[in-house]
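Engineer: Residue numbers (our numbering): 59 to 544. Here a beta-carbon is modelled for each residue, glycine too, at the ideal position from N, C-alpha and C.
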C-alpha cells in the first residue's frame with residue numbers, strides 16, 4: 059500500500075468532522091459504515107461541492123492486501139467508464155496519507171432503499187418504478203461487459219427531484235466483474251456478495267455472469283412488493299443454503315393482501331430460477347415484461363404485445379380495457395350460441411309432439427240417446443237390448459222379459475197389459491263391475507225390403523190386434539222405432 063504497513067492503516071483513527079484529508083476534502087459527517095468501507099459526507103474544497111467519500115477498509119488477512127488494492131483500482135476504473143443517469147458518478151479516487159484508498163463520488167441527497175423498506179413494503183406502482191430504473195442501469199453496464207454482482211437495497215440510493223419524482227442511483231460497484239478483462243481478481247471460488255441477494259451459482263463459488271444480476275432483480279422485486287426476502291435463514295450460511303434448496307414462495311403465502319398484475323409474479327419467479335439457463339437471457343427482456351406494468355416512455359423501452367388483467371398505470375388500463383372488450387364479445391357470442399341451440403331444441407321437441415298428436419288422435423266418445431226421451435239403461439253383457447211391448451203408453455217403464463225363460467207362446471194383448479199393470483216380472487240381479495265396460499258403437503242395421511202397404515181397413519200395429527205381429531215378433535220387436543230395428 060504505497061510503502062505504508064498494514065498495521066499503520068489499522069491503527070489509524072477515523073476522521074472526525076472538519077478533518078481535511080488528501081488536501082482537498084473536508085469531512086462533514088459519517089453517512090454509513092460497512093464491512094468493506096466507510097462512507098462520509100465531505101466537501102470538495104476546490105470545486106465547492108458536496109461529495110460522498112468512500113474510504114475502503116483494509117483486508118483482515120495481510121495476504122489479501124494485494125488483491126484488495128487491485129479490486130479497488132478495478133472499481134475506480136469501472137465507475138469512470140460508466141455514464142448513465144441511474145449510476146452514481148465518480149469524481150475522483152486516490153490514496154490517503156495512512157495508505158487507505160478512497161473514492162470521491164457524486165453525493166445523492168436522499169434515503170437508501172433499505173431505509174425506505176424498514177417502513178414496510180412499497181406500493182406496487184412505486185416498487186416497479188424504482189426497480190425498472192435499476193434494470194435500465196444494469197442493461198447499460200451489461201452491454202459494456204460490467205456485472206455488478208452485489209445488488210441489494212443498501213446499494214440503491216433514491217434522489218427526490220424537483221418535480222417530486224424519484225431517481226434511483228446504483229452505487230458500490232466494488233464487487234464488479236469485467237467479463238472480457240482479467241478475471242483473476244474476482245476468480246471462481248471466491249464468494250462475494252450479500253447472502254439475501256446472492257444467486258445460487260455465487261453461493262457455490264462458481265463463475266458468474268450477467269444472469270446473477272437478473273437473479274438479484276428478482277430478489278429486489280420480491281422484497282419491495284412483499285416486505286420480505288424470498289429466502290431467509292437464522293444466519294448467513296442458512297440463508298445461502300436456502301437459495302440452493304428451497305422453492306420460491308408465492309406472493310400470497312407471504313403477503314395475502316397484495317394485489318399486483320397477474321404476470322408480475324411470473325416475472326419474479328423467472329428471475330429467481332436456480333438454473334441460470336432458465337432465467338431471462340438479458341436485462342432488456344426483463345424490462346420488456348416489466349414495462350407492461352408501468353407507463354413507460356416509448357423511446358426508452360420497446361413495445362410489448364402482452365397485456366395484464368390488472369393495471370397500475372394509464373397505459374396498462376388501455377390495454378386491459380381492450381382485452382375486457384374482447385372477452386365480453388366472446389362471451390356474448392358464446393351466450394348467443396347457447397340460446398340458439400336451446401331454441402332449435404325446443405322447436406324440434408314441439409314439432410315432434412305436434413306430429414305425434416295429429417297422427418294418433420284419441421277415439422271419439424259415442425253417446426247413445428233413447429228415442430223415448432228416457433235414460434237408456436244398459437243391461438249386462440248377456441242381456442239383449444230392451445224393447446217396448448205393444449200397447450204400452452209413452453212414459454211407462456218398459457217391461458223386460460226374463461232372460462232365463464224366453465216366451466215362446468203368443469201373448470194376448472190383454473194379458474200383457476195386465477201383467478205390466480199389476481205384477482211386473484222381477485228383474486234378475488246383475489252385479490255391476492265398478493268399472494263400466496266399454497261401449498261399442500251400434501252396428502248399422504241390415505237393409506230390409508220396404509214394407510208392403512196394407513189395404514185400407516186392416517189393423518195397424520198398436521191398435522190392440524197383435525195376433526199377426528206376435529207370430530212374427532214373439533219378443534215385441536215391433537215396439538222399437540224403425541231405425542233401431544235389426
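1. Should the stretch 179–189 be regarded as contacting the stretch 143–150, the criterion being three or more beta carbon pairs within less than 8 Å?
2. Per DSSP, what kind of secondary structure is residue 107 in: helix, strand or coil?
3. Express the C-alpha separation of residue 80 and residue 108 in angstroms, rounding to a whole number.
4. Beta-carbon separation of residue 325 and residue 347 under 8 Å?
5. Using the three-state DSSP reduction, which class does residue 214 fall into: helix, strand or coil?
6. Quick one: residues in its chain with C-beta nearer than 7 Å to the C-beta of residue 219, no 5 flanking neighbours on either side, listed in chain order?
7. Return the residue from the list 126, 223, 160, 305 that minimises the CA-CA distance to residue 73.
8. Whole angstroms is fine: what's the gap from residue 334's alpha carbon to residue 270's?
9. Can you say whether residue 208 is buried or exposed, counting buried as having 16 or more other CB atoms within 10 angstroms of its CB?
10. Assign residue 166 to one of two classes, buried (16 or more other C-beta atoms within 10 Å of its C-beta) or exposed (fewer than that).
11. Consult DSSP for residue 78 and reduce its assignment to one of helix, strand or coil.
12. Can you tell me where the alpha helix (DSSP H) holding residue 201 begins and where it ends?
13. Would you kindly work out how many angstroms separate the C-alpha atoms of residue 90 and residue 174, rounded to a whole number?
14. On the premise that residue 273 lies in contact with residue 196, defined as a C-beta separation below 8 Å, what is that separation, rounded to the nearest angstrom?
15. Could you tell me which uninterrupted alpha helix (DSSP H) segments, each at least 4 residues in length, are contained entirely in the stretch 287–341, listed from first to last along the chain?
16. Closest by CA to residue 190, which one among 95, 164, 349, 78?
17. Using the Cα positions of residue 202 and residue 395, report the straight-line distance between them to the nearest angstrom.
18. In whole angstroms, what is the alpha-carbon distance linking residue 252 and residue 391?
19. Any idea if residue 337 is buried or exposed, counting beta-carbon neighbours within 10 angstroms, 16 or more meaning buried?
20. Indicate whether residue 555 and residue 282 have their beta-carbon atoms separated by less than 8 Å.
21. In whole angstroms, give me the CA-to-CA distance for residue 75 and residue 95.
22. Return the residue from the list 296, 295, 297, 288 that minimises the CA-CA distance to residue 310.
23. Tell me the rounded alpha-carbon separation between residue 323 and residue 304.
24. May I ask which residues mark the beginning and end of the alpha helix (DSSP H) holding residue 274?
25. Rounded C-beta distance between residue 290 and residue 254? I'm assuming under 8 Å.
26. Alpha carbons only, please: which of 180, 77, 279, 154 is nearest the one belonging to residue 327?
27. Measure from the alpha carbon of residue 182 to the alpha carbon of each residue in 320, 339, 332, then state which is nearest.
28. In three-state terms, what does DSSP make of residue 72?
29. What is the rounded straight-line gap between the Cα of residue 127 and the Cα of residue 115?
30. Among all the DSSP beta bridges, which residues are the ones paired with residue 145?
31. Closer than 6 Å by C-beta to residue 212: which residues in its own chain qualify, once you throw out the five before and the five after it? Chain order, please.
32. Measure how close the beta-carbons of residue 312 and residue 286 come, nearest whole angstrom, since I'm counting them as under 8 Å.
33. Over the uninterrupted beta strand (DSSP E) stretch that includes residue 88, give me the two end residues.
34. What's the gap between the Cα of residue 78 and the Cα of residue 296?
Structural biologist: Checking against the coordinates, here is how it stands:
1. no
2. strand
3. 15 Å
4. yes
5. strand
6. 225
7. 160
8. 8 Å
9. buried
10. buried
11. strand
12. 182–201
13. 15 Å
14. About 12 Å; that fails the 8 Å criterion.
15. 294–303, 309–312, 320–329
16. 349
17. 58 Å
18. 55 Å
19. buried
20. Shown here, the chain extends from 59 to 544; a query on residue 555 therefore has no answer.
21. 18 Å
22. 288
23. 17 Å
24. 269–284
25. 7 Å
26. 279
27. 320
28. coil
29. 11 Å
30. 228
31. 170, 172
32. 5 Å
33. 83–91
34. 43 Å
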